[in-house]
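Chemist: 559 is the number that full-length UniProt numbering gives to position 559 of the sequence shown; each next residue is one higher, with no gaps.
Yeah, the Cβ is synthetic: ideal placement off N, Cα and C, and Gly gets one too.
Questions regarding the structure given below will be posed in turn.
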Amino acid sequence: MTFVHRMVEEVASARPDAPAVDGPAGSLSYGELLRRARGFAGLLRELGAGPGEVVAVEDGGTPAAVTALLGALYAGCVILPMDSALSPELRDTMIEAAGARFLVRADDGGWRVFEPGQTLPRTIPDRPEPLAAPADLDPRAPAYVCFTSGSTGRPKAVLGAHDSLGHFVGWQRDAFSVGPADRVAQLTGWSFDVVLRDVFTPLVSGATLCLPGSRSRDADRVFTFARAYGVTLAHVVPSLVRRWLAADAVDTAVPTLRVAFFAGEPLHAELVGDWRARVAPGSRVVNLYGPTETTLAKCFFEVPAEPGSGPLPVGEPLPGCAVSVLRPDSWEPAETGEVVLTTRYRSLGYLDAGEAGTFAAAPTGEPAYRTGDLGRWDEHGRLHLLGRLDQQVKVRGVRLRLPEIERVLRGVAGVRDAAVVDRVDERGAVLLVGHLVADQAVPPVRLLREAILREMPAAAVPDEFVPHADLPLLPNGKVDRASLRALGPARAAEAVPAQRAEAADASEDAVTARVVEICGKVLGVDSVPVTEDLFELGVDSLSAMEIAARLEDALGAEIPLGLVFDHPTVKEISGYLTGRGLA
1 MTFVHRMVEE
11 VASARPDAPA
21 VDGPAGSLSY
31 GELLRRARGF
41 AGLLRELGAG
51 PGEVVAVEDG
61 GTPAAVTALL
71 GALYAGCVIL
81 PMDSALSPEL
91 RDTMIEAAGA
101 RFLVRADDGG
111 WRVFEPGQTL
121 PRTIPDRPEP
131 LAAPADLDPR
141 APAYVCFTSG
151 STGRPKAVLG
161 AHDSLGHFVG
171 WQRDAFSVGP
181 ADRVAQLTGW
191 SFDVVLRDVF
201 TPLVSGATLC
211 LPGSRSRDAD
221 RVFTFARAYG
231 VTLAHVVPSL
241 VRRWLAADAV
251 DTAVPTLRVA
261 FFAGEPLHAE
271 LVGDWRARVA
281 PGSRVVNLYG
291 PTETTLAKCF
301 FEVPAEPGSG
311 PLPVGEPLPG
321 CAVSVLRPDS
331 WEPAETGEVV
341 LTTRYRSLGY
351 LDAGEAGTFA
361 AAPTGEPAYR
371 TGDLGRWDEH
381 GRLHLLGRLD
391 QQVKVRGVRL
401 RLPEIERVLR
411 GVAGVRDAAV
421 VDRVDERGAV
431 LLVGHLVADQ
441 AVPPVRLLRE
451 AILREMPAAA
461 VPDEFVPHAD
471 LPLLPNGKVD
481 RASLRALGPA
491 RAAEAVPAQR
501 AEAADASEDA
511 VTARVVEICG
521 KVLGVDSVPV
531 TEDLFELGVD
541 SLSAMEIAAR
551 LEDALGAEIP
561 LGLVFDHPTV
571 KEISGYLTGR
581 GLA
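Right, here's the structure in full:
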C-alpha cells in the first residue's frame, strides 16, 4: 500500500484497542489515534486547508503532535515537522520557504493553530466534523517538506512524495519484522526527515510508538526512558551515542532492545562494539544511508557479530533503488568515484527547483541523484563511503558546506579571512575548526557564533577557533587545508585557564551555584566564571544542550534546549531561571 495514513488506518481497523502511542505525556490506542487524526483532518478542512497545502507541526513530545501529522496527511495536506527548539529566525525562514498555510503547536492540551506571522492562534471549532475518508490522492502527490542545508549551506526545502515515504516504512517494517510486540522510541530531531521513520514505521506495523515527552536527550534520561518503556527498536546518530556512552555513572543497559538503526554519519566498528557491550549485547545493528533528496535511506548494512575495525560499509541498495559509483561529472563507472542513486522512490525535488533542478538526467533517461559522496565497492559488493567530493560534510547528522560557514565568518567585523576544516577525533566524531585571520584580535566567540546561527543550524558553529597571522597556502594559491587539519586540536577552553581560575564565589547565590556546578561537570572543571561566555570556555552545540538537559533534571522544570545559545553566561542563565520562577 502506498499511503502511510491508509496503512495506519488498516492497522487501526484490525486492532483498534492495541496501544499505538505511549510515553510520559500520555497514551493512545490505535482506535483513538485514528479518531483524533480524522478529527484534526476535519479541523484543517474547516479552517480552509485543502489537499497540497503545507501544514507545519511543531514539537514531537506529545500524542497530539502525532495525531496532527497523521491527520494532516489524512486531509491530503503536506506536513512540515518542526522542532520548537529552533531559533525563531530559522523557524520563520523554513515556514516561508515551505509556503506553510498553518503552524500547529501540539501539546498536552491539544492543538493550537496559527497562521504564519500571527502571534494569536486561530479560533477553532469546538467539535470539528471528522473527515470520514482520506483525501483521494495520486501516489506521487507531495506528502511532506523537510529541510537540508544542501549545496548552499542554508536550509533548503525538499518535497517528499507519498509513494516514496510509504515504500521506505513498508520496507523497514517487512525487512526487520516490526510488529505488534515492538516498542519504537522517537529519539531523533523533529525537524529532520528521519522523524518520519521514527513515527510512521511503528504505526504502519501495529507497533507502539514511544515518545519520551521531554526534548532532552541526555544519556541518563534516554536510557532510563528506554528501559521504563521496554523499547525494542531505536534510530540513533553515532555522535549522540558516543556522548551517551561517555556519560559518567549512567546505567546504559537496555535489555529489551533488539534492533538499533544508525544513520546520518559514518559508523565505526568500535562504536558498535561499545554499543553491544554496554547497551544491548544481543541487538542487531543496521547502518543506513541516503540523502534527504532521495527520501530517507536508500542503502543498508547489517553489522555482523564481529564487525572488524574502522568505518563500516553502508551496504547494498534497498529494493527499487540502484547505486552506481561513477567518475565525477561523467556517467562512466569508476573504482572510486561519486555515489549516484537512481530510484523511482525519490523525492519530488527542491521546492524552488523541482525534480528537474535536483536530479540529473542519466543516459537511460532516468532521473539520478549525484550525491557528492565519494564511494567504492568492496569485494563483497558492499558500498563504502570515503567522504565528500566537495567541502560538504555531515556534523551530528546535519549536512553543511564549509565555504558557506567561511562566508558568514568573513562577514563579521574584524575578520579578514577564514577557513573552516573538518577533522575526526579519536572517537570518530566529526568536528569543525574555524581558522581566522583578524585585523587585530579575533572577535569574541559569542559574536562569531551569533553570526552563524542567524543563517545556519547550530551544527555549523565550529567546535574551536584558531587565530592566524595568515592562512597557509599551496603553490597554486589555494588554502592548504591539509596543513590546517594537521594542526590538531587547540580548543579555546584550553587557551583560557586563567579565566576559569577567576570564577566568582557562587556560594552567595544558590541558583548561580547550581548553574556553575552543572556547567563545570559538563566542561570537566571545578568552576567556571559567572560572566564569561561559555562557548569561549569550551562549550559546543552538543554540550550546550547537555547543560540545558541537566538543568531540567536538577530543577524538575521544562528548560528550552536553546537556553545556552540565548543566554551564554552563567549569570544570564541564572537570571533567566530566576526571572521565570524555575529555580
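With I79 as the anchor, note down where its alpha helix (DSSP H) starts and where it stops.
Modeler: Note, I79: premise wrong, no alpha helix (DSSP H); beta strand (DSSP E) at V78 to M82.
Chemist: Grouping DSSP H, G and I as helix and E and B as strand, with all else coil, what is T188?
Modeler: If DSSP states are grouped into helix, strand and coil, T188 belongs with coil.
Chemist: Would DSSP call E316 helix, strand or coil?
Modeler: Residue state, collapsed to three classes: strand.
Chemist: Which first and last residues belong to the alpha helix (DSSP H) in which L431 is found?
Modeler: From DSSP, L431 is part of no alpha helix (DSSP H) but of the beta strand (DSSP E) over V430 to A438.
Chemist: Kindly list the residues whose CB is nearer than 6 Å to the CB of G71, restricted to its own chain and excluding five residues on each side of it in sequence; keep chain order.
Modeler: Once the five neighbours on either side are set aside, the close Cβ partners of G71 are A37, F40 and A41.
Chemist: Would you give the residue range spanned by the alpha helix (DSSP H) that G71 belongs to?
Modeler: Per DSSP, G71 belongs to the alpha helix (DSSP H) from P63 to Y74.
Chemist: Would you tell me roughly how many angstroms separate the C-alpha atoms of E115 and L348, rounded to the nearest one?
Modeler: Straight-line Cα distance between these residues: approximately 25 Å.
Chemist: Within this structure, are the beta carbons of L69 and R122 separated by less than 9 Å?
Modeler: No. Outside cutoff.
Chemist: For a quick check, are the C-beta atoms of T292 and F168 less than 9 Å apart?
Modeler: No; because the gap between Cβ atoms is not below 9 Å, this pair is not in contact.
Chemist: Assuming T208 and P16 are in contact, meaning their beta carbons sit under 8 Å apart, how far apart are those beta carbons, in whole angstroms?
Modeler: About 14 Å; that fails the 8 Å criterion.
Chemist: With C-beta atoms as the reference, is I573 less than 9 Å away from R550?
Modeler: Their beta carbons are not under 9 Å apart, which means I573 does not touch R550 by this criterion.
Chemist: Look at D463 and D526 and say whether their C-beta atoms are less than 9 Å apart.
Modeler: No, these two residues do not count as a Cβ contact at 9 Å.
Chemist: Within the same chain, show all residues whose beta-carbon is closer than 7 Å to that of R45, passing over the 5 residues directly before and after it, in chain order.
Modeler: These residues qualify, in order along the chain: A75 and L131.
Chemist: Hey, quick one: how far does the alpha helix (DSSP H) through G282 stretch, first residue to last?
Modeler: Segment: none, G282 is in no alpha helix (DSSP H) and carries neither H nor E.
Chemist: Taking only runs that begin and end inside the UniProt domain "Carrier" (506-581), name each unbroken alpha helix (DSSP H) of 4 or more residues, in chain order.
Modeler: DSSP runs (the alpha helix (DSSP H)) wholly in the UniProt domain "Carrier" (506-581): 510-523, 541-555, 563-566 and 570-579.
Chemist: For the segment 270-287 and the segment 306-314, state whether three or more C-beta atom pairs, one from each stretch, are separated by less than 8 Å.
Modeler: Yes: the two stretches touch, three or more of their Cβ pairs being nearer than 8 Å.
Chemist: Which residues in the same chain as V340 place their Cβ atom closer than 6 Å to its Cβ, once the five residues preceding and following it in sequence are excluded?
Modeler: S324, L326, A368 and R370, listed in sequence order.
Chemist: If you draw a straight line from the alpha carbon of P281 to that of A356, how long is it in whole angstroms?
Modeler: P281 and A356: Cα-Cα distance of roughly 46 Å.
Chemist: For P444 versus H384, is the C-beta spacing smaller than 9 Å?
Modeler: Result no, Cβ atoms of P444 and H384 do not sit closer than 9 Å.
Chemist: If we ignore side chains and look at the alpha-carbon of each, how far apart do V158 and P51 end up?
Modeler: V158 and P51: Cα-Cα distance of roughly 18 Å.
Chemist: Ignore the nearest five residues each way along the sequence and tell me which others in residue 657's own chain have a CB closer than 8 Å to its CB.
Modeler: Missing from the structure shown is residue 657; the chain here goes from 1 to 583 and no further.
Chemist: In whole angstroms, what is the alpha-carbon distance linking F223 and D174?
Modeler: Cα to Cα, F223 sits roughly 27 Å from D174.
Chemist: Got a sec? Which residues, its chain only, sit under 6 Å from V285 by beta carbon, not counting five neighbours each side?
Modeler: Around V285: A260, V272 and V303.
Chemist: Do V8 and L34 count as a contact pair if the criterion is CB distance below 9 Å?
Modeler: It is a contact, given that the beta carbons lie within the stated cut-off.
Chemist: Which of the three DSSP states, helix, strand or coil, is assigned to Y369?
Modeler: Correct three-state label for Y369: strand.
Chemist: Have a look at H468 and D509 and give me their C-alpha separation to the nearest angstrom.
Modeler: Roughly 40 Å between the two C-alpha positions.
Chemist: Compute the Euclidean distance between the alpha carbons of V11 and S205, then round it to the nearest angstrom.
Modeler: About 7 Å.
Chemist: What is the DSSP secondary structure of V250, counted as helix, strand or coil?
Modeler: V250: coil per DSSP, three-state reduction.
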